[in-house]
C-alpha cells in the first residue's frame, strides 16, 4: 500500500480551521558578521514568542539534501506534492508569475527578445536589456497580429525588460520541448524538438513553435535592437491531483503576488483577491473564516530582503509580520503552521538548500519548551528535520483528521 | 525523475576545493565508566573547536537504522553510493585490504587454510590459526605452481594467520557464488554453485573454483595442519559509476592503509602514494592542491583504538589528528567535512550502528553556534540525523555546485 493511499484511507472530515502561513525565504544563516544571529533571531517578535511556548518546532528539507528550490518546487513541496514527481516547467511558472490564468493543457514558453544579425545569428541574447516599456510595445504589436495559429489560441504577455511569455491554448498540445535558444551568442536559434520523439502531441507543439517564429519574425524584422527572440522552458501545465480531493480540505489562497496565487491555483486552491498587505490578508481571513477549511497565507517580503542581502530589511519584514499576527488570533486557527518555502540567506543573496524552520501550533501540538521561534531552536524541536511534503500531513494530524491505523 | 538524475542535471563545474576527512570509527558512546564523555568529548581539540564555531553539525546513519557497516559499505556510503544498491563482496574487500590492484571483472574469494581428515572432512576451519609466516610460505607454494587455469590468471595473496585471497582475472567471469565452506567442522567442503542458476558467467566461475581445488589440494596434501582450504564471499568487483562522472569532481585519495586506497579506487579516485601519517597526508594535500578538486583523507587510528576498547588511545588519536589540522589550514579547503565512516565505540570493541558525528564547514555552511565538535552537540546541529550517502551532495551544495531547481 502506498503511503498516500494510507493517508487517504485514514482521512476523516475536517472539523477545524488550518492555516499555512509562509514567510517566503524565511530561513537564514547565523554568521559572524551578524553576531551569529539570523534575522529571525535578531528580530523583536513578541507574538511569535508567545506562540512558540505552546508549539512544536522543526526544520524542513524543501526537496532533497543540498537542492535549492525555486518558488515552484518550494511551494509544491509545502502543499504536500513531491517536487520530483510533480514538476512545473519554467514557462508555466513564468506565466503564473505574470498573472496568466492558465487552463489545463496550456503550453507555456518563457521568451526573451534578442538581437539577430542578417544571417539570423544571435548577437545579443537579451537585446541590450530593452526597457520594460519597449517590451510592452513589442508584445502589443505581436499580440495584435498573432491571435491564432490554426485552431490554437496564442496569448502573449510582457514581463520585465526583455522578458515575455507565450501561452499556446489548444487541443492535443504537450511539452516539454527543447529550447529555441543557443544559450550563447554567435549561433543561430535552434529549431525546437520534442523531448520524447514518440510523443505526437509534442511533435504538434514543435510545429506550432516553428509556425509562431514564421509569423512573428517578420513583424519584428525592422525593430532595433529587438529584431528576434528566444524561447525556453516550453512545457504544459502538469496534471496535479486537486488539493481538496487529496486532503478533504477546502482551500483558499491569500497571496499578494501573482506567482503564488498561480501556484495555489495549480493545485486547485480558491484565489481570494484584494488584500495588499499581511494585515489585510489576516483581516480577510477573518471574514472568510467560515467559507474554507484551509488558508494558505503568503508573505513575500522576507524573501525580497534576503535576495537583496539586506539583513535589516529581513529583520524588519519579520517584525512587521509579527506585529500583524494579533489580527489572525482574533479567530485563532485550530492548526497554525508558520514556515518558509525555502531559505533565502542574506549572506547568499538568493535561495538556498538550508532547511527552513517550521512552527506547528495546535491544542495537540505539544510544547517543545522553546521561548522563541528561531533556526537554532528549531534544530532541537520535536518535529526534527523532515521533508517539507509531510507538513500538511502533520497539520491534518493536528486537526485530528486521521483515523487510527490498525487496531 | 530520479533524485540522482536531478542532482546530475543541476550539477555545475566546480570552482572550489573540497576535503572529506574521515576519522575511521570516530563515533562513540558516552558511558558512566568514562564520566559520560565520549573520546571526542574528552579530547583536547583546540583546532576542531575553532572550526566548529563557524560550522554546521549533524549525525549520519551509515546504511540504515541499526545496521553496523564494515569498511566497504561505510565508505561507499560516505562516497555517496547507496550501500544497498552497490554491494562489494567480501572477497573484493579482502583483496583490496591486501593491496591487490583489482581490474574490472576480477572475481575475488577470501580463503582460509583449514585441516581436512583422510575423507576430506573439515576438522579445523582455521588450521589451528597457523602463523602468518606459514601462510606466506604456503601461498608462495601455490602461486608458484598455479599461475593460470585455462586462460584465467590466478593471483594469490597471503593475509594474517590462516587467511588469504584468490583473485581470478579472465574474461566472462562473474560472482556471486555460494561458499566453499561448510561453516562448521565435521562436514566436507561443499562444491560452489552459481547464486543465479541461469547466469553463464557464474557457471563458468564455479567450474574455475572446482579446477582450482583440483590443482591446489594435491600441492597441500602433505602439509600439517594446513592440508586444505575454504573459500567464501566469491564475488566480482561491482560496476560502480565513477566518482568523477557522478559529481564532476576530480578526486584524490590520501590514505595510508591499502583497504581504504582500494575502496577509493573502486569509485575511480586517484591514489596518492607516500604519506605515512596524518601530518604527511595534510602536507601532501598542500602540494597536490592544484591537481584535484576533491580530497578524501583517511585516518585509521581512531578505529583501531575503538576496536581495542582503548579509550585513552582513541582520545589520543583524536588529539594527534587535531594537532595536525593547522597544516591543512595553510591552504584551507573551501568545503571541509570531518566525520567517520561509522562508530567504533570503545565499550563495544568493534564497529556499531550508532550515527557518526559530522562537521561541515564552508563560507555558506552557516553556524550552529556550537563551541565544540562532539556527538552530543552534533545531535543539535542543523544537518539533523541523515543518511551518510547525502554528505557529498551537501558538500557539493556548499561548493555552490548546484543550479537552482525550477523557477
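Protein chains in written order, with the working numbering: chain C, 11 to 417; chain X, 11 to 417.
Idealized CB from N, CA, C, for every residue including glycine.
Residue range of the alpha helix (DSSP H) that includes residue i
i	result
residue 297 of chain X	288-298
residue 148 of chain C	142-155
residue 312 of chain C	311-317
residue 137 of chain C	It is not in any alpha helix (DSSP H) - residue 137 of chain C carries neither H nor E in the DSSP assignment.
residue 338 of chain C	321-338
One or two residues paired with residue i in a DSSP bridge
i	result
residue 176 of chain X	X:119 and X:166
residue 304 of chain C	C:28 and C:261
residue 366 of chain X	X:70
residue 2 of chain C	Only positions 11 to 417 of chain C appear in the structure, and residue 2 of chain C is not among them; the question remains open.
residue 79 of chain C	X:415
residue 234 of chain X	Paired residues: none, contrary to the question.
residue 190 of chain X	X:241
residue 64 of chain X	Answer is none; residue 64 of chain X lacks a bridge partner.
residue 50 of chain C	Residue 50 of chain C is not bridged to any residue.
residue 124 of chain X	X:238
residue 371 of chain X	X:346
residue 280 of chain X	X:262
residue 402 of chain C	Per DSSP, none; premise fails for residue 402 of chain C.
residue 204 of chain X	X:187
residue 10 of chain X	Residue 10 of chain X lies beyond the range of chain X shown here (11 to 417); nothing can be said about it.
Residue i at chain C interface by Cβ criterion, 8 Å
i	result
residue 344 of chain X	no
residue 127 of chain X	no
residue 400 of chain X	yes
residue 360 of chain X	no
residue 374 of chain X	yes
residue 303 of chain X	no
residue 27 of chain X	no
residue 417 of chain X	yes
residue 89 of chain X	no
residue 379 of chain X	yes
residue 396 of chain X	yes
residue 275 of chain X	no
N-terminal and C-terminal residue of the beta strand (DSSP E) that residue i is part of
i	result
residue 346 of chain X	345-349
residue 246 of chain X	238-246
residue 102 of chain C	Taken as a continuous stretch (DSSP letters only), residue 102 of chain C belongs to no beta strand (DSSP E), being part of the alpha helix (DSSP H) at 100-107.
residue 133 of chain C	132-134
residue 397 of chain C	394-397
Chain X contact for residue i (CB, 8 Å cutoff)
i	result
residue 97 of chain C	yes
residue 250 of chain C	no
residue 208 of chain C	no
residue 368 of chain C	no
residue 46 of chain C	yes
residue 314 of chain C	no
residue 386 of chain C	yes
residue 246 of chain C	no
residue 184 of chain C	no
residue 298 of chain C	no
residue 110 of chain C	no
residue 75 of chain C	yes
C-alpha gap between residue i and residue j, whole angstroms
i	j	result
residue 378 of chain C	residue 37 of chain C	19 Å
residue 191 of chain X	residue 288 of chain X	40 Å
residue 260 of chain X	residue 309 of chain X	21 Å
residue 293 of chain C	residue 337 of chain C	6 Å
residue 166 of chain X	residue 210 of chain X	24 Å
residue 61 of chain C	residue 383 of chain C	8 Å
residue 176 of chain X	residue 72 of chain X	29 Å
residue 183 of chain X	residue 76 of chain C	39 Å
residue 408 of chain C	residue 401 of chain C	11 Å
residue 411 of chain X	residue 312 of chain C	25 Å
residue 128 of chain C	residue 152 of chain C	21 Å
residue 272 of chain C	residue 278 of chain C	10 Å
residue 104 of chain X	residue 274 of chain X	14 Å
residue 315 of chain X	residue 50 of chain X	13 Å
residue 180 of chain C	residue 262 of chain X	54 Å
residue 227 of chain C	residue 388 of chain C	54 Å
Residue i CB to nearest heavy atom of the ligand HEM below 7 Å
i	result
residue 12 of chain C	Absence of the ligand HEM is noted for the structure shown, with no ligands found whatsoever.
- Item | Three CB pairs or more closer than 8 Å across the stretch 105-114 of chain C and the stretch 11-21 of chain X | Output reads no: the stretch 11-21 of chain X does not touch the stretch 105-114 of chain C.
- Query: For the 8 Å Cβ check, are there 3 or more pairs between the stretch 298-305 of chain C and the stretch 123-133 of chain C?
  - Reply: Look at the beta carbons and you see the stretch 298-305 of chain C not touching the stretch 123-133 of chain C: under three pairs across the two are nearer than 8 Å.
- Count the C-beta pairs between the stretch 135-146 of chain C and the stretch 250-269 of chain C that are closer than 8 Å, then say yes if the count reaches three, no if not. The stretch 135-146 of chain C makes no contact with the stretch 250-269 of chain C: fewer than 3 CB pairs, one atom from each, lie closer than 8 Å.
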